[in-house]
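Trainee: Structure below; questions to follow.
Protein chains in written order, with my numbering: chain A, 334 to 453; chain B, 334 to 453.
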């Protein structure tokens, strides 16, 4: 079982249903019943996913009479964004290489396109 | 077991040793033996982590005589960055609220600091 907070966050995010629940909560607080509807899942199944998200600190729940509305918590998502940020240079370098290659191809095409005109 | 690529990526990242391996590979290709050294881990234990990272597309390995050097692959990390990006407004909104609160506290402090001077 993961123990450090970032591992717990990544582990909780490694499920498409849990990511869909977060996407739903990003537009506002809602109840377990409201969350269960679009997923066509049983309430216990949704509750299980919510417990995983809650343990990872990705959602929080409050008491409101009979309801226990859930809301998304931004902190762990910001931690993931900050973690990935240190690797940004890797994919930007890849994009730079692609841009250089495309410029090279374009220059070559232009040179080839010009040559026959000169021979006229 | 996770099947979609993003779940496989998050699942592979949910381990501090695998994240440390990626951090090491971000500064350049290296062999399994070189990777095992700083972690004081057995070669089979490191190999097991490398297999998880390879299945998630986070690293690639090539043949080079007896060696099989590993390199980091930026694609899945970029996918994680893009995924978190849609939640950026959440923590930025939180920072905005904090800034508003701090401005409010500062204004209040200034008002309180001025009052006794007027009474002199």
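Glycine is no exception: its CB is placed at the ideal position from the N, C-alpha and C atoms.
Where do the ends of the alpha helix (DSSP H) carrying residue 352(B) lie?
Mentor: Here the alpha helix (DSSP H) through residue 352(B) covers 349-358.
Trainee: When the Cα atoms are used, what is the spatial distance from residue 344(A) to residue 369(A)?
Mentor: If you take the alpha carbons of residue 344(A) and residue 369(A), they lie about 21 angstroms apart.
Trainee: From the DSSP output, in three-state form, read off residue 446(A) for me.
Mentor: Residue 446(A) falls in the helix class under three-state DSSP.
Trainee: Can you check DSSP and say which residues form a bridge with residue 429(B)?
Mentor: Its beta-bridge partners do not exist; DSSP assigns none.
Trainee: Between the Cα of residue 340(A) and the Cα atoms of 388(A), 428(A), 439(A), 422(A), which residue gives the shortest distance?
Mentor: Per the Cα distances, 388(A).
Trainee: As a quick exercise: from 364(B), 386(B), 360(B), 446(B), pick the residue whose alpha carbon is nearest that of residue 350(B).
Mentor: Ranking the options by Cα distance to residue 350(B), first place goes to 386(B).
Trainee: For my contact list, residue 427(A) and residue 407(B) are in at a C-beta cut-off of 8 angstroms; report their separation, rounded to the angstrom.
Mentor: Going by Cβ atoms, the distance from residue 427(A) to residue 407(B) rounds to 5 angstroms, so yes, they are a contact pair.
Trainee: Once the 5 residues before and after residue 383(A) are set aside, which same chain residues still bring their CB inside 8 angstroms of it?
Mentor: Excluding positions up to five away in sequence, the list reads 354, 365, 368, 392, 394, 403.
Trainee: For chain D, check one thing: does any of its Cβ atoms lie closer than 8 angstroms to the Cβ of residue 392(A)?
Mentor: Chain labels in this structure do not include chain D; the protein chains are A and B.
Trainee: On the premise that residue 417(B) lies in contact with residue 414(A), defined as a C-beta separation below 8 angstroms, what is that separation, rounded to the nearest angstrom?
Mentor: About 4 angstroms separates the two Cβ atoms, so the contact holds.
Trainee: Would you tell me roughly how many angstroms separate the C-alpha atoms of residue 401(A) and residue 375(B), rounded to the nearest one?
Mentor: Straight-line Cα distance between these residues: approximately 47 angstroms.
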